[in-house]
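Below you'll find the structure, written out as structure tokens, and then a few comments.
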Amino acid sequence: MLNIVETSDTHSVRGLISELGKDSTPVHSSEVAIIPGFIDNLEFMDKFTIQDNEPLLTSLIPLDAFIGFTNQSGIQWSEQTYSLLMGKTRIEWAAEKGLFGRILDRIRGFSMIEESHETRYFPIAEIHRPKISGCKAAFSISSEESTDYNFSVKILGFGGGSGAGRSFGRNSIINAIDECLTYCVPVTIRWKVYQNNAQKFIRGDVVDIGDGHEVTPIHVSEDKCGMEVPIVKELGWETRQFRHEKIGGDFTEIIIVSENRESNWKWGFKFLIPTLGETEIGFTGAVKTLKKINYQYELAGNHNYTAYNPPDSMSFYWNWAPET
Numbered sequence: 004m005l006n007i008v009e010t011s012d013t014h015s016v017r018g019l020i021s022e023l024g025k026d027s028t029p030v031h032s033s034e035v036a037i038i039p040g041f042i043d044n045l046e047f048m049d050k051f052t053i054q055d056n057e058p059l060l061t062s063l064i065p066l067d068a069f070i071g072f073t074n075q076s077g078i079q080w081s082e083q084t085y086s087l088l089m090g091k092t093r094i095e096w097a098a099e100k101g102l103f104g105r106i107l108d109r110i111r112g113f114s115m116i117e118e119s120h121e122t123r124y125f126p127i128a129e130i131h132r133p134k135i136s137g138c139k140a141a142f143s144i145s146s147e148e149s150t151d152y153n154f155s156v157k158i159l160g161f162g163g164g165s166g167a168g169r170s171f172g173r174n175s176i177i178n179a180i181d182e183c184l185t186y187c188v189p190v191t192i193r194w195k196v197y198q199n200n201a202q203k204f205i206r207g208d209v210v211d212i213g214d215g216h217e218v219t220p221i222h223v224s225e226d227k228c229g230m231e232v233p234i235v236k237e238l239g240w241e242t243r244q245f246r247h248e249k250i251g252g253d254f255t256e257i258i259i260v261s262e263n264r265e266s267n268w269k270w271g272f273k274f275l276i277p278t279l280g281e282t283e284i285g286f287t288g289a290v291k292t293l294k295k296i297n298y299q300y301e302l303a304g305n306h307n308y309t310a311y312n313p314p315d316s317m318s319f320y321w322n323w324a325p326e327t
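Each number in the working numbering comes from the position in the sequence shown (counting from 1) with 3 added on.
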């Protein structure tokens, strides 16, 4: 749940939003922690010949790891294997028949044929405002001590690749006065292409989550603001309504939103690989706030507003309509 505190102290918070501008200073960060992926675990088992012990193999690599790799790699499997991966076959039976070992033998038949690196900016937070003149939003976090982290970022690899995690302590204030914004961090990815006869799959290892940042506008096609209120309520999202009216001039109410929660993210983009052509890539991960993060909102008068918060989101989105 988001803790919402309304205040009539318009002077102090309005000054915060209008005067401080955009700033994001990395105070400190933890070391990057590598999260082993499916193929890393496979190579580990090969090193210690664990693949000969099917029950142990089953316990070391959960079924969902097989399923995730299968969905991302696009490797074609036998009907028996597909039945296991889709949950139609009991794991105990699969272990008894050595099905896991045969799956891994199939994967071992692929060889790496291409490797490259690139850095992309992954959004980890959003700042939204109603698209009404005079409405503003500000996102602020603060951190001082070397062990005082604001948030942690964890991004899993793609196609059996390794992921990475890192915690950050920052002093940041970001204002949304015109467009809604995303707060992004740089992520370095190592791509590897594997081939076995006519089949290929791509592996993406997250090798670094950088100290830098980038604040970019949210494209209108990806902005969840402006959804109709009946649709939001039908989805069961958390909502909060704010009614305003014009009283002898402009009336501005300021809302301070504080939160301490975890948000799951999906990042998708297209990637061009010479041996594969243009490929659709999707990463998953989580951002967790380790201390309170403040969102300040100024809402212009003469309008009604509905703020709504989808599950696994760290921000409010907005719907608005003229006062009637």
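No residue lacks a Cβ here, since even glycine has one placed at the ideal position from N, Cα and C.
Rounded to whole angstroms, the Cβ separation of Gly166 and Ile38 is 4 Å, and the two are in contact under 8 Å.
For Pro220, the uninterrupted beta strand (DSSP E) run begins and ends at 217-220, by DSSP. For Val232, there is no enclosing beta strand (DSSP E); the enclosing alpha helix (DSSP H) covers residues 232-238. Bounds of the beta strand (DSSP E) holding Tyr320 are 320-325. Between the region 186-194 and the region 220-237 there are fewer than three C-beta pairs closer than 8 Å, too few to call the two in contact.
With distances taken between CA atoms, Asp315 lies nearest to Lys269 out of Ile284, Lys269, Thr309, Glu326.
Remark: C-beta atoms of Leu159 and Gly285 do not approach each other more closely than 8 Å.
In the DSSP assignment, Leu184 falls within the beta strand (DSSP E) that extends over 184-199. At the C-beta level, Ser170 and Tyr152 come within 8 Å of one another.
Annotation for Gln244: Thr309 place their beta carbon closer than 6 Å to its own, counting only its chain and skipping 5 residues before and after. A contact between stretches requires three or more CB pairs, one per stretch, nearer than 8 Å, and the region 298-313 meets this requirement with the region 133-142.
Setting aside the 5 residues that flank it on each side, Ser145 is surrounded in the same chain by Asn174, each with a C-beta closer than 7 Å to its C-beta; the list follows chain order.
In the DSSP assignment, Val156 falls within the unbroken beta strand (DSSP E) covering 154-158. Ile221 and Cys183 do touch by the CB rule: their CB atoms are close to 4 Å apart, below 8 Å.
At least 8 Å separates the beta-carbon of Tyr311 from that of Tyr298. Arg123 sits away from Val218, with the two beta carbons spaced by 8 Å or more. Take the alpha-carbon of Asn322 and the one of Ile180: they are about 16 Å apart.
Taking the Cα of Ser32 as reference, the smallest distance to any Cα among Ile177, Lys134, Val188 is reached at Val188.
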